[in-house]
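For the record, in the sequence shown the residue sitting at position 74 is 118 according to my numbering, with numbers rising by one throughout. Positions of the beta carbon are idealized from the N, C-alpha and C atoms, including for glycine. This structure is a prediction, so every number in the text was calculated from the model and none was measured.
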Amino acid sequence: MKPFNVFFDVLEGKMNLLGNKTVRRYNDIKGIFCEIDPKLEKENPVIYEVFEAPITEKEGDLMFLITVLYPGKVKNEFFMTKGHYHVIENTAEIYLGLRGNGLVLCQTREGDFEPIEISPNKVVYIPPYWAHRTVNTSSEPLVFFGVYPAHAGHDYKSVELEGFKKRVFFENGGIHIK
Ligand code: S6P
Ligand code: ZN
């Protein structure tokens, strides 16, 4: 592989050079929210998109990406990502907020839990062994850059089985983590 650069359009949430693109719609992930919303089931909106750089999953490489997590709620629970551990658990990840505000919920298998704020110019460090899920608590797309060891892999199954300790709701005019 040769050195290269890419351009991010932060407002549009797009990258001019693309490897994998993942689009998750409501019906793909509705089970992660605590309630079902029949209106969203019918409309099936895009909840988030991930644009990855064209990099293979080889040890030694770094994968980088931008995620665009749209604003919205399922009843009163904010839109969020599925969340995962890395399959190679001893791999960290860095997020840099580019647009919007939210929380990165971080959790270990031992039950530690930390909600970390993400917003423009804020870097979130996710250490090895911590599962991570992102929540958009703002009214605009939450856009962030991410980078992690390309061979890390994604373990969604553990999060499906265990869930996250806490969820993020809009209640009485405020953001509540509970
Ligand atoms: C990958 C990194 C992000 C997420 C993305 C969507 O390690 O953490 O690119 O993949 O934000 O979240 P999820 O949990 O659906 O992969
Ligand atoms: Zn990750």
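By the CB criterion at 8 Å, R143 and V187 fall inside the cutoff.
The alpha carbon of K209 has as its nearest neighbour, out of C150, K201 and N216, the alpha carbon of C150. Taking a 10 Å sphere around the C-beta of E103, we find fewer than 16 other C-beta atoms and assign the residue as exposed.
In this structure, the ligand S6P has no non-hydrogen atom nearer than 7 Å to the beta-carbon of Y129. Cβ-Cβ distances below 6 Å link R68 to I91 and Y92 in the same chain, with the five nearest sequence neighbours on each side left out; the list follows chain order.
Residue state for P159 is assigned as strand, using DSSP reduced to three classes. Where L109 is concerned, the enclosing beta strand (DSSP E) starts and stops at L106 to L113. Counted as a single uninterrupted DSSP element, the stretch harbouring N71 is not any beta strand (DSSP E) but the alpha helix (DSSP H) occupying residues Y70 to I73. By the C-beta criterion, the segment 52-63 is judged not to be in contact with the segment 73-89, since fewer than 3 inter-stretch pairs fall below 8 Å. The beta carbons of P115 and S163 sit no closer together than 8 Å. In this structure, the C-beta of K58 stays at least 7 Å away from each heavy atom of the ligand S6P. L109 is classed as buried because its beta carbon has at least 16 other beta carbons within 10 Å across all chains shown.
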